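Engineer: First the structure, then my questions, so here it is.
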Amino acid sequence: MGILEDHINNYTRFEQPAVQSTHRNHKREKIGNSLSHYLCDLDENMTEQLNRDMLVELKNNLSNVLFQEEYTYTHVTQFLAHMYESIEGNPIILKALDQIKKMDEYTFTHSVNTAFYSMFIAMWMDLDEQDIINATQAGFLHDIGKIYIPEEILNKSGVLTREEYEIIQLHPLYGYSLLNEFSAFNLEVKRAVLFHHERIDAKGYPLCATDDYVGLLPKIVAVADVYDAMTTNRIYKKAKSAREAIDYLSHLGRSQLDNQVLYYFLNNIPVYDFKMSQ
1 MGILEDHINN YTRFEQPAVQ STHRNHKREK IGNSLSHYLC DLDENMTEQL NRDMLVELKN
61 NLSNVLFQEE YTYTHVTQFL AHMYESIEGN PIILKALDQI KKMDEYTFTH SVNTAFYSMF
121 IAMWMDLDEQ DIINATQAGF LHDIGKIYIP EEILNKSGVL TREEYEIIQL HPLYGYSLLN
181 EFSAFNLEVK RAVLFHHERI DAKGYPLCAT DDYVGLLPKI VAVADVYDAM TTNRIYKKAK
241 SAREAIDYLS HLGRSQLDNQ VLYYFLNNIP VYDFKMSQ
């Protein structure tokens with residue numbers, strides 16, 4: 001039995017999965033064993049600096065996504081105010097994202113981008129305000145479980161071994177368990193973190209959940225996650241152009257990703273990313 005199967009068989013109640021000591025460094029062990037105490041140690045100066053850094057990153061990404069789209073900018077700012085409030089007042093998010101940034105710059109930037117794409121998809125689908133806020137927050141946090149994944153696996157330039165890939169597949173479980181320790185996080189956000197790698201053919205991970213069980217929010221984050229991952233350079237692969245990624249999602253993506261979410265995404269995203277790629 002593989003690592004992933006062994007964890008899933010012991011995870012029927014979404015309890016915190018055990019992490020083998022050989023797969024932790026000192027930083028990750030400190031976070032995993034005493035996260036509540038670790039976060040309580042934040043002093044005001046550190047929190048304020050994290051807030052400033054996060055907002056700068058947010059504004060930079062927002063300007064890239066929204067340039068020359070004034071009507072969209074006006075619409076989006078109504079929801080950004082709520083998003084900023086939740087981030088500025090929540091050191092849990094800030095500290096966790098900061099840990100990710102220190103371990104893996106790609107993962108942090110990817111989290112920011114996925115948040116924005118998730119927010120736009122929810123807006124294009126005309127979801128209510130709370131669902132848009134949930135989608136944005138879920139986009140930020142979808143890979144938070146990667147703080148438990150060894151850096152040498154996250155940043156490996158070559159092909160992952162089967163064991164390494166199974167370890168990567170645990171990050172949604174870890175992320176859900178981490179967020180589940182805090183009542184402040186919306187249940188839908190937690191579910192999106194857990195299910196964002198599930199697929200409509202029930203062949204995703206970590207639980208091989210069926211389409212009707214997953215829910216809408218994880219499907220939104222899944223599309224945002226896949227698109228940004230495809231259009232971003234990584235150590236082991238070159239980024240695809242926006243046109244290539246959209247072509248992929250228009251064909252092969254339909255067998256794995258929710259078709260309703262894809263419809264809204266594919267009918268709106270070219271307005272933004274095609275301009276940026278020209």
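Numbering-wise, the UniProt record's numbering puts 245 at position 245 of the sequence shown, and it's gapless, one number per residue. Even for Gly, the Cβ is constructed at its ideal location relative to N, Cα and C. These numbers come from a predicted model, not from an experiment.
1. Does DSSP classify Q256 as helix, strand or coil?
2. Could you confirm whether any beta carbon from chain B is found closer than 8 Å to the beta carbon of G215?
3. Under 8 Å, do A224 and T231 count as touching if we go by C-beta distance?
4. Using beta-carbon positions only, say whether S111 and V221 come within less than 8 Å of one another.
5. Does the distance from the C-beta atom of I168 to that of I149 stay below 8 Å?
6. Thinking C-alpha only, which one of Q256, Q130, D247 is nearest I269?
7. Could you give the DSSP three-state label for Q137: helix, strand or coil?
8. Straight-line CA distance for G215 to F195?
9. Going by other Cβ atoms of all chains shown within 10 Å of its Cβ, with 16 needed for buried, is S177 buried or exposed?
10. If you compare alpha carbons, which of F120, K146, D126 is closest to Q137?
11. Check whether the Cβ atoms of Y227 and A245 lie closer than 8 Å to each other.
12. Using 8 Å for Cβ pairs, my map puts P218 next to A192. What's the rounded Cβ distance?
13. With distances taken Cα to Cα, identify the nearest neighbour of I235 among W124, A135, L160.
14. Excluding the five sequence neighbours on either side, which residues of its own chain have a C-beta within less than 8 Å of the C-beta of K190, listed in chain order?
15. Can you tell which of E163, K156, K146 has its C-alpha closest to the C-alpha of H171?
16. If you scan the segment 143-219 from start to end, which runs of the alpha helix (DSSP H) of 4 or more residues do you find wholly inside it?
17. By the three-class DSSP mapping on this structure, what secondary structure does V261 have?
18. Residues in the same chain with beta-carbon distance under 8 Å from A135, minus the five sequence neighbours each way, listed in chain order, please.
19. Rounded to a whole number of angstroms, what is the C-alpha to C-alpha distance between T107 and C208?
20. Identify which residue in L187, F182, E163 has its Cα closest to the Cα of Q130.
21. Report all residues from its chain with a CB closer than 7 Å to the CB of R254; omit the five preceding and five following residues, and keep chain order.
22. Could you round the C-beta distance between E166 and I153 to whole angstroms and report it? I think they count as a contact, below 8 Å.
23. Just to confirm my understanding: we take S157, look at its own chain, exclude 5 residues before and 5 after, and list those with CB closer than 6 Å. What are they?
24. Which stretch, first to last residue, makes up the alpha helix (DSSP H) that contains I269?
25. Assign D201 to buried or exposed, taking buried as 16 or more other Cβ atoms, counted over all protein chains shown, within 10 Å of its Cβ.
26. For A229, does the three-state DSSP call read helix, strand or coil?
27. Excluding sequence positions up to five away, which residues of its chain have a Cβ less than 8 Å from the Cβ of T210?
28. Can you find a heavy atom of the ligand FAD that lies under 7 Å from the Cβ of N155?
Structural biologist: Walking through what the data contain:
1. coil
2. The chain inventory of the structure shown lacks chain B, comprising one protein chain alone.
3. no
4. no
5. Yes.
6. Comparing Cα-Cα distances from I269 to each of Q256, Q130, D247, the minimum goes to D247.
7. helix
8. Rounded to the nearest angstrom, the two C-alpha atoms are 9 Å apart.
9. buried
10. F120
11. yes
12. 4 Å
13. Checking every option, the nearest Cα to that of I235 belongs to L160.
14. Y176, L179, N180
15. K146
16. 151-154, 162-168, 171-179, 187-195, 211-214
17. helix
18. S118, M119, I121, A122, L127, A192, L217, I220, V221
19. 24 Å
20. Ranked by how close their Cα comes to the Cα of Q130, the residues L187, F182, E163 have L187 in first place.
21. If we look at R254 and ignore the five residues flanking it on each side, its Cβ neighbours are L262.
22. With a Cβ gap of about 10 Å, E166 and I153 do not count as contacting.
23. I235, Y236
24. Neither: I269 is in no alpha helix (DSSP H) and is coded neither H nor E.
25. exposed
26. Correct three-state label for A229: helix.
27. Once the five neighbours on either side are set aside, the close Cβ partners of T210 are A202.
28. For the ligand FAD, the structure offers nothing, since it holds no ligand at all.
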